[in-house]
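Just so you know, the protein sequences line up as chains W and S, in that order.
Counted from 1, the first sequence has number 63 at position 63 by my numbering; the numbering is strictly sequential.
Counting the second sequence from 1 gives a position; my numbering is that position plus 200.
Ideal Cβ placement from N, Cα and C applies to all residues, glycine included.
The next block holds one structure in the form of structure tokens; read it before the comments.
2 protein chains.
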Amino acid sequence: MANHERGIETRNTLLDTSLALFSQNGYDATSVAQICQDAQVSKGAFYHHFASKQELFLALMDTWLDSVVGLFQTAGDSAETIPEALDQMAALSGGLFDALEGGFPILLEFWTQASRHPAVWEKAVAPYQRFLDYFAGMVQAGIDEGSFDPSVDPVKAARTLTSVAMGLLLQAIFEPDGAQWQAVTRSGIQLVIDGMRSKK
Amino acid sequence: MANHERGIETRNTLLDTSLALFSQNGYDATSVAQICQDAQVSKGAFYHHFASKQELFLALMDTWLDSVVGLFQTAGDSAETIPEALDQMAALSGGLFDALEGGFPILLEFWTQASRHPAVWEKAVAPYQRFLDYFAGMVQAGIDEGSFDPSVDPVKAARTLTSVAMGLLLQAIFEPDGAQWQAVTRSGIQLVIDGMRSKK
DNA sequence: TTTTAAATACCGACCGGTCGGTCTGTATTT
DNA sequence: AAATACAGACCGACCGGTCGGTATTTAAAA
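So, in structure tokens, the structure goes:
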């Protein structure tokens, strides 16, 4: 195997291992030594690939956010109306619970780190803002097509939509087996959709 | 001043100081030495009042949860219908943003700690479960009084209601000045309420 | 009322251990 | 020979927690 490929593999192993450890124990409680041990990699290798623990975290965030954004990319394509498209996305967002099995608590870690470290924060705002804008656009489109009531504020509605998703995510982290999260998510979003429906 | 009172004052100083520090830097990143320094208290005093750093955190959680539950205690009393009562609670929940000024990021800390340490988790489930049950009861009452559609699942709706509140709280921590959180919360809850309304 | 012993509140030097990060070297590839 | 990819001993800073000692209060005994 080429030297270069070997390096990439080591890097990915480090990324995978640290994702698992950060999810389980949190950023601070996870030591670099622990990551190296679990990944069967020396400390020298670690610092060859990442300048610091922080930087590894940032890289982890990058790849994770990309994968989540990618999952949403194709959602709602086949829907004919906006409410239908939103429902499809809710169903998919529920699917996230399965797809990213065990990789969810890391979201909490991203959040806390972002709320405290500007460098992390800046990496997180962009995709978050994109989501918000995207949803606001969908709500506006729903109003335009007559599905939603004109009195609905698209920006506030977008906040509410993301809140439901995030709030349920949080509850799911807290109580992994507390409910059928996929079904609850879908019905929750449905409730908000119904709340926006045209009151003719 | 009596010795006893002096002790209580020291304890409270420790509690206040650690609340601020945990909120700002997180549990792990806050050292006992730092807490003591900020509180102008010796380490001996610290360990006289608390058996460990963990125990201080638990005590902090106790008082914080009590104060939040207390804030909600009297909400929705003067309302005549369930939707009105819910709206009043939403307005009040929005007021939390002001009332617990700066003391919100600690919620994130409670959440992460709870998701990882059983001792913390158990302290948090009870009030959380109480909230959930309370809301489910309100939704059921709303159905009974004819305000809400019978097809609404009270338990799922309660999850959704709390999700909106929690999700917006999370967003508010992330972007303190990102929106008029009180207004957004109220309109968000209103959207869900409208979604539950009787479809006669 | 005075004496005194126990209890409470506090002090801060100190301890074993862990942490993130460095540095010197070696093996392999280019 | 230069660059890449690793190996792991090592370092100083710092961490949570301990411990022997002191000052003040309290309450019972004399």
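When rounded, the separation of the alpha-carbon atoms in S:G388 and W:D153 is 10 Å.
For W:G195, the closest C-alpha among the options W:P127, W:Q88, W:E122 and W:P150 is that of W:P150. For the region 60–77 of chain W, the set of residues with a beta-carbon nearer than 8 Å to any beta-carbon of chain S is empty.
Each residue's CA atom was taken as its position, placing W:Q182 and W:S93 some 8 Å apart. Close to chain S, meaning a Cβ-Cβ distance shorter than 7 Å, are the following residues of the region 134–162 of chain W: D153, K156, A157, R159, T160 and T162. Secondary structure of W:F148 (DSSP, three-state): strand. In terms of Cβ geometry, W:S163 and S:L368 form a close pair [threshold 7 Å]. Counting every other CB atom within 10 Å of its CB across the protein chains shown gives S:K323 a total of 16 or more, marking it as buried.
When Cβ-Cβ separations below 7 Å define contact, S:M366 makes contact with chain W.
Under the Cβ distance rule, S:L219 does not count among the residues neighbouring chain W, no pair being separated by less than 7 Å. Flagged as an interface residue toward chain S: W:G195, by a C-beta distance shorter than 7 Å. The region 33–80 of chain W contains, as complete alpha helix (DSSP H) runs of 4+ residues, the segments 43–49 and 53–73 (chain order). Under the DSSP definition of a beta bridge, W:R6 lacks any partner. Counting along the chain, no alpha helix (DSSP H) covers S:A379, and no H or E run does either.
For a cut-off of 8 Å, the C-beta gap from W:F50 to W:Q113 is around 16 Å, too long to register as a contact. Sequence-distant partners of S:M261 (beyond 5 residues in either direction) whose C-beta falls short of 8 Å from its own C-beta, in its chain, are F310, V320, K323 and A324. For a Cβ distance threshold of 7 Å, nothing in chain W lies close to S:F257: the least Cβ distance comes to about 14 Å. Across the region 101–118 of chain W, CB contacts with chain S closer than 8 Å involve P105, L108, E109, W111, T112, A114, S115 and R116, in sequence order along the chain.
Sequence-ordered contacts of the region 169–192 of chain W with chain S read L170, Q171, I173, F174, A179, V184, S187, G188, L191 and V192 [C-beta pairs closer than 7 Å].
Scanning chain S for C-beta atoms nearer than 9 Å to the C-beta of W:D28 yields G226, Y227, D228 and A229, reported in chain order.
Around the beta carbon of W:V192, 16 or more other beta carbons sit within 10 angstroms, so the residue counts as buried. In the DSSP assignment, the residues bridged to S:R397 are S:F348.
Annotated three-state conformation of S:T213 is helix, per DSSP.
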